[in-house]
Amino acid sequence: DAGITQSPRHKVTETGTPVTLRCHQTENHRYMYWYRQDPGHGLRLIHYSYGVKDTDKGEVSDGYSVSRSKTEDFLLTLESATSSQTSVYFCAIRTGDYGYTFGSGTRLTVV
Amino acid sequence: ILNVEQSPQSLHVQEGDSTNFTCSFPSSNFYALHWYRWETAKSPEALFVMTLNGDEKKKGRISATLNTKEGYSYLYIKGSQPEDSATYLCAFYNTDKLIFGTGTRLQVFP
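Right under this line is the structure:
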């Protein structure tokens with residue numbers, strides 16, 4: 723969908739293990755975002771990037787880190803996964819002045 | 226922290242009913258207000274991007290209005306159908322980020 727893919731689509735991991743989610747775009751957009759979706763909370767911003775090696779925190783960044791070493795990839799890492807990080811994670815790219823396109827989501831379960 | 230609020234949280238209507246929801250957002254430093262339709266297990270689908278006070282946008286049976294001076298937007302669905310069942314999210318654009326409301330979950334019963 724509009725050149726944005728997330729991987730993996732589903733993952734089950736154990737508490738305390740590191741996990742990395744990948745967002746890949748094919749359209750060379752500058753801005754990329756990671757959101758998490760939880761019941762009753764809508765979509766909450768974790769981190770975002772405004773260029774290679776340029777990132778900033780969102781409203782729920784604790785426990786997460788990101789990296790963007792090239793334009794097309796934005797990685798989200800849970801250094802030590804906790805059950806509270808069980809969620810659906812969406813990546814988004816900003817495609818125009820105010821246009822955004824979302825990936826299909828990654829469902830992460832921490833057991 | 227910017228606050229974007231949506232009401233009601235959930236809504237159950239009969240097929241054929243018309244309905245509307247509200248999104249409230251900060252009225253200062255306004256740039257854009259987004260509406261998305263989101264179904265579980267799918268990515269959010271963009272409905273409207275609204276930038277000007279007094280904007281009215283329409284897409285089929287769905288329309289939206291915008292009041293930036295008082296900080297609210299309405300989404301209307303005319304003649305609801307079961308396939309309209311979804312969560313409707315609004316998002317306030319601020320400093321390169323979209324800040325989302327918690328959504329209105331709509332269920333349309335045949």
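Chains Y and R are the protein sequences, given in the same order. Using my numbering, read the first sequence as starting at 723 and increasing by one per residue. Using my numbering, read the second sequence as starting at 226 and increasing by one per residue. Quick reminder that beta carbons are idealized off the backbone N, C-alpha and C, glycines included. Note that this is a predicted model, so its numbers are computed, not measured.
Item	Value
Reduced DSSP category for R:S288 - H, G, I as helix; E, B as strand; rest coil	strand
Option in R:M275, R:T290 and R:Y297 with minimal Cα separation from R:Y256	R:M275
Contacts of Y:F812 in chain R (Cβ-Cβ under 7 Å)	S268
Proximity to Y:R816 [Cα-Cα], best of Y:L765, Y:E749, Y:T735 and Y:H763	Y:E749
Rounded Cβ spacing between Y:G827 and R:S268 (contact assumed at less than 8 Å)	6 Å
Any C-beta of chain Y under 8 Å from that of R:G304	no
From R:T290, R:R286 and R:G326, residue whose alpha carbon lies closest to that of R:T312	R:G326
Short CB-CB distance (under 8 Å) between R:T290 and chain Y	no
Simplified DSSP assignment, three categories, for Y:D778	strand
Interface partners of R:A257 on chain Y, CB under 7 Å	Y820
Per DSSP, cross-strand counterpart(s) of R:Q306	R:Q306 pairs with nothing; no bridge assigned.
Delimiting residues of the beta strand (DSSP E) encompassing R:S249	T244 to S249
Residues that R:T247 contacts on chain Y, provided the C-beta gap is smaller than 9 Å	Within 9 Å Cβ-Cβ: nothing; R:T247 doesn't reach chain Y, min ~14 Å.
Candidates R:F250, R:Q239 and R:L227: closest to R:Y299 by CA position	R:F250
C-beta neighbour in chain Y for R:L323, strict 8 Å	yes
Cβ-based contacts, 9 Å cut-off: residues of the segment 768-795 of chain Y near chain R	Y770, Y772, D778, G780 and E781
Neighbour list for Y:H763 in chain R, Cβ cutoff strictly below 7 Å	T327
N-terminal and C-terminal residue of the beta strand (DSSP E) that Y:A803 is part of	Note, Y:A803: premise wrong, no beta strand (DSSP E); not H, not E.
Straight-line Cα distance separating Y:Y770 from Y:K779	7 Å
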